[in-house]
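Enquirer:
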Amino acid sequence: MSLDFSSIRNHHEHAVYKAVIETASQFPGLTHRPELLIDVACVALNRLPPRYIRHEADFAFFLSDRERADAELAVSEAVEYAFGFIQARTAMRARR
67 MSLDFSSIRN HHEHAVYKAV IETASQFPGL THRPELLIDV ACVALNRLPP RYIRHEADFA
127 FFLSDRERAD AELAVSEAVE YAFGFIQART AMRARR
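When the sequence shown is numbered by the numbering used here, its final residue is 162 and no position is left out of the sequence of numbers.
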């Protein structure tokens, strides 16, 4: 039996990527280095509980409006934290 698991992904990925792109302009010291924005996304995703799905509709169907709002807030907070974390780490490295 051959199984293809490539359709599985973390539900928060697209929301985090979008939030990183939308928030990046507030952190001009990071926007000139795309690899740092990718690091921001990694830090943010690691702060969120994993929610693996195959299809967006699979997950959205089971969420209440309150759960959806809570998830959006969690993504926003995780991305804000991640920008601060990466910015601080970058500043620390620059001082060495």
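Heads up, the beta-carbon is just placed ideally off N, CA and C, and yes, glycines get one too. Computed from a predicted structure; not experimentally measured.
Which residues in the same chain as H78 place their Cβ atom closer than 7 Å to its Cβ, once the five residues preceding and following it in sequence are excluded?
Expert: Correct list, in chain order: L111, L114, R117, V141.
Enquirer: Just the C-alpha distance for R120 and R162, rounded to the nearest angstrom, thanks.
Expert: 44 Å
Enquirer: Note down the Cα distance separating A148 from F93, rounded to an integer number of angstroms.
Expert: 11 Å
Enquirer: Taking only runs that begin and end inside the region 98–149, name each unbroken alpha helix (DSSP H) of 4 or more residues, in chain order.
Expert: 100–113, 122–126
Enquirer: Which parts of the region 71–100 are runs of the alpha helix (DSSP H), unbroken and 4 residues or longer, counting only runs that do not cross its ends?
Expert: 78–89, 94–97
Enquirer: Roughly how many angstroms lie between the CA atoms of A154 and A107, to the nearest whole one?
Expert: In a straight line, the C-alpha of A154 is about 15 Å away from that of A107.
Enquirer: Going by other Cβ atoms of all chains shown within 10 Å of its Cβ, with 16 needed for buried, is A85 buried or exposed?
Expert: buried
Enquirer: Can you tell me the Cα-Cα spacing of A144 and L102, whole angstroms?
Expert: When rounded, the distance between both Cα atoms is 15 Å.
Enquirer: At the level of alpha carbons, what is the spacing between R159 and E146?
Expert: Between the alpha carbons of R159 and E146 lies a gap of roughly 20 Å.
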